[in-house]
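Shown next, in structure tokens, is the structure this report addresses.
2 protein chains.
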Amino acid sequence: MESLQNDLLLRAALGQKTERTPVWMMRQAGRILAEYRAVRQKAGSFIQLATTPELAAEVTIQPVDLLGVDAAIIFSDILVVPEAMGLPYEMEEKRGPIFPKTVHTLQDVAQLRVADPEADLGYVLEAIKITKRELNGRVPLIGFAGAPFTIFCYMTEGKGSKTFSVAKKALYTDPEFSHQLLQKITDSTIAYLKAQIAAGANLVQIFDSWAGILSPDQYYEFSLPYIRQICDAIAQTPPNVAVPQTPVTVFAKGAFFARHEIGQLNCAVVGLDWNMDIAESRALIPSKTLQGNLDPCVLYGSYKQIEAEVKKMLNAFGPERHIANLGHGVYPDTDPDKVRCFIDAVKAYSV
Amino acid sequence: MESLQNDLLLRAALGQKTERTPVWMMRQAGRILAEYRAVRQKAGSFIQLATTPELAAEVTIQPVDLLGVDAAIIFSDILVVPEAMGLPYEMEEKRGPIFPKTVHTLQDVAQLRVADPEADLGYVLEAIKITKRELNGRVPLIGFAGAPFTIFCYMTEGKGSKTFSVAKKALYTDPEFSHQLLQKITDSTIAYLKAQIAAGANLVQIFDSWAGILSPDQYYEFSLPYIRQICDAIAQTPPNVAVPQTPVTVFAKGAFFARHEIGQLNCAVVGLDWNMDIAESRALIPSKTLQGNLDPCVLYGSYKQIEAEVKKMLNAFGPERHIANLGHGVYPDTDPDKVRCFIDAVKAYSV
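What follows is the structure, encoded as structure tokens:
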């Protein structure tokens, strides 16, 4: 097994005791860092940056050096999967992702391919390999993908939305189409995450960013079963010396109603957003490590406030089975010194 | 006491037995109806329509005639309150509301006034009076206002947002400013809702549309106490023959974590969104009437699906202490025939 100088994240994920609570942040490789913005400008565009392995690796490692986090997360986007299936996206400044073509019929689904990670997503796998080499065992590397339902939202709606009513309309009006598309996304995602693990990812996280727009019934029909398939497929990957059992984290933002059910999945870690009460979540998910869940807006507060909120969070989670994180990606206008205060406070107060 | 031909809504709100479950929809007076769009075009703009009492009354009554709902809700906008406090807004097609000026300092707060409903919001009160006259007792009329925190979001952020991080930043960095502004909004809202009741509103609803972006701690500090003030102030209004005790509905979208606490307020009805499990919500809020909570996207389904989902909802709520509604405003591209199917199904299956 690969020897890591800092394996706190993996040990906490697997439920083992750790000397202190590990900490990282969603979107830590991003606009909060001037050093990121410099590389982003050099690359020319977000997509150029994400598809150039050397640059993606560089920004992936920045927060390890600059912020002192206990894990790197590969710099990429959940929308590389639809692109690899044959549905390219564009990234517009301020407006976010746009899909010029969207998917609406069984024929549209038939025209998509199951992503072949080596052929279609080689640039991410290459970025993982470079990152692993350059990290040189300092901290673990996290891989990730979107949950099939969240990817489905973008492939049908074509852009971000408050309600994703086009996507949800498809679930009600054409469940056959919806399930076929979700299955194709799931098959692509399983292949992609397995390839990330083979390339060196030490843990993989599934982001169900739009879980919270579904009713519980729809969540259990259209989202959870596909996440379950992914968790089961990764758990079944035969462990070997080079690639031991890889922990999976499921983060379903807004799916407070499904916490108990998510806790039954074949995953090691469940992510919480900042709306979810910690004690209640522990009771609903007794057997998993929990990740989260500070409100990202706490980092707008004073150093004293940040420290107080971190202490409160650590006390609520307790010293075991917890990976400290925000309850959402860090907001781009956050002061990096406040971010460092958050990270340092977790390290100082969790011993 | 005013005699109403159909008082199902009020009796259900007060926890009395009704022959069937009453039904209405948030945003029922709006873009789903061709008849609304015609009046809207005649008015020239959304704000012109909202500030012209005869036209506002006309579109308020349309869904009673055209859809058969058990209540009218006055056509207006929650943002008339900041405007009455001295902070005007504009409504941009597709982008939504924009405040050219926003509020950031104690001095900014000092420059705002507590709204004087007669002087500043007379057009809404006039629209209520015209509506009451034209309804002529057919169904009750619902008045409404935004919850102070939701109004605070717009006054500080200046526009809609997915995260309202400017608004939330103020809560963390300047609680004194935040509480002063929230109190001024609350005082304005109490005066406004009392004036709506005096003008003829039979029930008033408080919309906390952005409740779901707050952590539980912040919700209990910055939102719930101000809603409580409003509920208490309306409950303390001395009942008289002309104006009996007016039921209050609190709808805090996304505040699943606060259901028990909201259920302790001095209100008659608690609104649920479609993420909230009905049985769990009944257990958390045992002593109130509940309102909701069909996913608005169900109305994109077939007639058969809509009927099946309505039956499921009615069974889950049971025949008492329920006001049927969607879990959010009806989406503008919904087919009016599907809306009628929803309303007719509640009427048919709740007897």
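Protein chains in written order, with my numbering: chain A, 760 to 1110; chain B, 760 to 1110. Each residue gets a CB set at the ideal place from its N, CA and C atoms; glycine is no exception.
Asked: Which one of B:L773, B:K918 and B:V898 has the shortest CA to CA distance from E852 (chain B)?; Found: B:K918
Asked: Please list, in chain order, the residues of the segment 1002-1016 of chain B that have any C-beta partner in chain A closer than 9 Å.; Found: G1013, A1014, F1015 and F1016
Asked: Helix, strand or coil for F923 (chain B), going by three-state DSSP, please let me know.; Found: coil
Asked: How far does the alpha helix (DSSP H) with I820 (chain A) in it extend, from its first residue to its last?; Found: P812 to L826
Asked: Rounding to the nearest angstrom, what Cα-Cα distance links D1094 (chain B) and F936 (chain A) in this structure?; Found: 22 Å
Asked: Which chain A residues are close to Y1059 (chain B), counting only those with a beta carbon under 7 Å from its beta carbon?; Found: K928, Y931 and T932
Asked: I need the DSSP call for V1098 (chain B), collapsed to helix, strand or coil.; Found: helix
Asked: Does E916 (chain B) pass the burial test, meaning 16 or more other C-beta atoms within 10 Å, or should it be called exposed?; Found: buried
Asked: Have a look at R1080 (chain A) and K1047 (chain A) and give me their C-alpha separation to the nearest angstrom.; Found: 7 Å
Asked: Could you check whether the segment 970-984 of chain B touches the segment 901-910 of chain B, counting it as contact only if at least three pairs of C-beta atoms, one from each stretch, sit closer than 8 Å?; Found: yes
Asked: Quick one: does S804 (chain B) have its CB under 8 Å from some CB of chain A?; Found: no
Asked: With the cut-off set at 8 Å, would you say Y1062 (chain B) and C1100 (chain B) are in Cβ contact?; Found: yes
Asked: Starting from the beta carbon of Q1064 (chain A), find every residue of chain B whose beta carbon is closer than 8 Å, and list them in chain order.; Found: Y931
Asked: Should the segment 946-964 of chain A be regarded as contacting the segment 873-880 of chain A, the criterion being three or more beta carbon pairs within less than 8 Å?; Found: yes
Asked: Just to make sure I have the definition right: I need the residues of chain B whose C-beta is within less than 8 Å of the C-beta of Y1090 (chain A). Which are they?; Found: T922 and S924
Asked: Cα separation between A1113 (chain A) and K943 (chain A)?; Found: Lying outside 760 to 1110, the shown extent of chain A, residue 1113 (chain A) is not represented and no answer is given.
Asked: Could you check where the beta strand (DSSP E) with D967 (chain A) kicks off and where it finishes?; Found: L962 to D967
Asked: May I ask you to list, following chain order, the residues of the segment 1033-1044 of chain B that have a beta carbon less than 9 Å from some beta carbon of chain A?; Found: W1033, N1034, M1035, D1036 and E1039
Asked: How do the segment 787-805 of chain A and the segment 1066-1082 of chain A stand: do at least 3 beta-carbon pairs fall below 8 Å, yes or no?; Found: no
Asked: Three-state secondary structure (DSSP) at T1093 (chain A)?; Found: coil
Asked: For chain B, check one thing: does any of its Cβ atoms lie closer than 8 Å to the Cβ of D1096 (chain A)?; Found: no
Asked: To the nearest angstrom, report how far apart T777 (chain A) and L767 (chain A) are at their CA atoms.; Found: 6 Å
Asked: Per the DSSP calculation, G1030 (chain A) is bridged to which residue(s)?; Found: A:F1010 and A:Q1050
Asked: Looking only at its chain, what residues have a beta carbon closer than 6 Å to the beta carbon of G902 (chain A), apart from the 5 residues adjacent to it on each side?; Found: I833, Q955, A960 and V963
Asked: Given that a residue counts as buried once 16 or more other Cβ atoms are within 10 Å of its Cβ, and exposed if not, what is N1074 (chain A)?; Found: exposed
Asked: Does the beta-carbon distance from I1082 (chain A) to A815 (chain A) come in below 8 Å?; Found: no
Asked: Do we get a CB-CB distance below 8 Å when we pair L884 (chain B) with the residues of chain A?; Found: no
Asked: List the DSSP bridge partners of H938 (chain B).; Found: For H938 (chain B), which the question treats as bridged, DSSP gives no partner whatsoever.
Asked: For G896 (chain B), which option in B:T819, B:L763, B:H1019 and B:W969 has the closest C-alpha, if you only look at C-alpha atoms?; Found: B:L763
Asked: If we count the other Cβ atoms within 10 Å of its Cβ and call it buried at 16 or more, is Q866 (chain B) buried or exposed?; Found: exposed
Asked: As an exercise, report each continuous alpha helix (DSSP H) stretch of at least 4 residues that is fully enclosed by the segment 852-879 of chain B, in chain order.; Found: 865-870 and 876-879
Asked: Quick check on the DSSP output: the alpha helix (DSSP H) that includes F903 (chain B) runs from which residue to which?; Found: Per DSSP, F903 (chain B) belongs to no alpha helix (DSSP H); it is in the beta strand (DSSP E), L900 to G905.
Asked: From Q977 (chain A) to M844 (chain B), what distance separates their C-alpha atoms?; Found: 42 Å
Asked: Got a sec: which bits of the segment 967-1000 of chain A sit with their beta carbon under 8 Å from any beta carbon on chain B, in order along the chain?; Found: G971, L973, S974, P975 and Q977
Asked: If you compare alpha carbons, which of A:T780, A:V925, A:Q775 and A:P841 is closest to N1084 (chain A)?; Found: A:T780
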